[in-house]
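Student: Residue 146 in our numbering is what sits at position 146 of the sequence shown, and the numbering runs on without skipping anything. By construction, the Cβ of each residue, glycine as well, lies at the ideal position given by its N, Cα and C atoms. What you are looking at is a predicted structure, and each value in this text was computed from that prediction instead of being measured. Take this structure, written in structure tokens, and hold onto it; I'll ask about it next.
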Amino acid sequence: MKFFIDTANIDQIKEANDLGVLDGVTTNPSLMAKEGISGEDNIKAHYVKICNIVDGDVSAEVIATDFEGMVREGEILAALHPNIVVKVPVTKDGIKAIKYFSSKGIKTNCTLVFSPGQALLAAKAGATYVSPFIGRLDDIASDGVELIYQIVDLYSTYGYETQVLAASIRHTQHIIQCAEAGADVSTCPLDAILGLLKHPLTDLGLEKFLSDYRKLNP
Ligand code: G3P
């Protein structure tokens with residue numbers, strides 16, 4: 001499973017990248033706003049900055065909601081760097097735009113996916129990635145991880161090449177559950193990735209190894 005980080009924060013992207021296990025980055029307009037990035041030129045410069053840190057796909061979301069606008073914006077974003085993936089919402093115009101981008105060889109990430117039917121349309125349109133939002137489903141007492149199982153199963157039945165990118169991951173256990181469900185990618189907050197390292201027996205074991213060493217090597 002590939003690990004993406006779900007943030008537009010440069011320090012966090014650098015920290016995750018320094019671990020050596022980062023495969024890409026996802027952003028969205030809310031995450032960009034959280035970092036105070038505004039204005040077309042600043043937004044574009046920020047995406048390029050991210051692409052220059054991480055050697056992997058970087059999702060950049062369109063703001064337009066109509067087909068022509070999405071195509072116009074997506075082509076500008078895709079031209080910024082070869083690793084840019086144009087992120088498009090799963091609407092009627094969004095699916096048309098994904099089909100268009102896929103015919104032009106532009107990578108896409110179909111976002112705001114909450115059902116197997118939406119994921120099916122994304123795959124048929126040729127999306128590179130589909131982003132089911134598992135945390136937001138959990139928030140409304142639905143089962144986000146179950147959606148990952150359903151989409152993975154559906155894509156395997158029909159041999160779709162669209163990669164399942166589990167999004168809206170809120171904690172470490174979500175990452176494990178998505179890996180078990182067969183997600184191709186998990187996009188996670190930094191804390192959730194670092195949580196994978198934590199185990200009290202690791203800390204205790206290391207402490208013991210070091211104290212035993214120090215006994216004979218004062
Ligand atoms: O990048 C999209 C997604 O991961 C958003 O997550 O936590 O806002 O539901 P969240």
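Assuming S59 contacts T26 (C-beta within less than 8 Å), just tell me the rounded distance between them.
Tutor: Contact flag correct, Cβ pair sits at about 4 Å.
Student: What would DSSP say about Y160, mapped onto helix, strand or coil?
Tutor: Note: Y160 maps to coil in three-state DSSP.
Student: Just mark H199 as buried or exposed, buried being the case when its beta carbon has 16 or more other beta carbons within 10 Å.
Tutor: Exposed, because fewer than 16 other Cβ atoms sit within 10 Å of the Cβ of H199.
Student: Mind reading off the beta-carbon distance from A179 to M1? Whole number of angstroms is fine, and I expect it under 8 Å.
Tutor: Between M1 and A179 the Cβ distance is about 5 Å, and since that is below 8 Å, they are a contact.
Student: Name the residue from R170, T91, I193, I63 whose alpha carbon lies nearest to the alpha carbon of L137.
Tutor: Among R170, T91, I193, I63, the Cα nearest to that of L137 is on R170.
Student: By the three-class DSSP mapping on this structure, what secondary structure does P89 have?
Tutor: DSSP places P89 in strand when its eight states are reduced to three.
Student: Does the distance from the CB of E220 to the CB of N9 come in under 8 Å?
Tutor: With the chain running from 1 to 218 in the structure shown, residue 220 is simply not present.
Student: Quick one: give me the first and last residue of the beta strand (DSSP E) that L194 is part of.
Tutor: No beta strand (DSSP E) holds L194; the alpha helix (DSSP H) holding it covers 190-195.
Student: I want to check one thing, is the minimum distance from the CB of D57 to the heavy atoms of the ligand G3P below 7 Å?
Tutor: The answer is no for D57.
Student: Run the Cβ filter for me: residues under 5 Å from any heavy atom of the ligand G3P, listed in the order they occur in the chain.
Tutor: Residues with a Cβ closer than 5 Å to any heavy atom of the ligand G3P, in chain order: D6, T26, N28, G135, R136, A167, S168.
Student: With burial defined as no fewer than 16 other Cβ atoms inside 10 Å of the residue's Cβ, what is the status of K104: buried or exposed?
Tutor: K104 comes out exposed.
Student: Could you tell me the alpha carbon to alpha carbon distance between T108 and I63, rounded to whole angstroms?
Tutor: Cα-Cα distance, rounded: 14 Å.
Student: Give me the residue from G39, A78, N42, E40 with the minimum Cα distance to D57.
Tutor: The shortest C-alpha separation from D57 is found at A78.
Student: Using the Cα positions of D66 and D139, report the straight-line distance between them to the nearest angstrom.
Tutor: Cα-Cα distance, rounded: 29 Å.
Student: Taking DSSP as the reference, what is the three-state secondary structure of D6?
Tutor: Here D6 sits in strand by DSSP.
Student: Under 7 Å Cβ to Cβ from D11, same chain only, skipping five residues before and after it: list those, please.
Tutor: Closer than 7 Å at the Cβ level, and outside the excluded window around D11, lies no residue.
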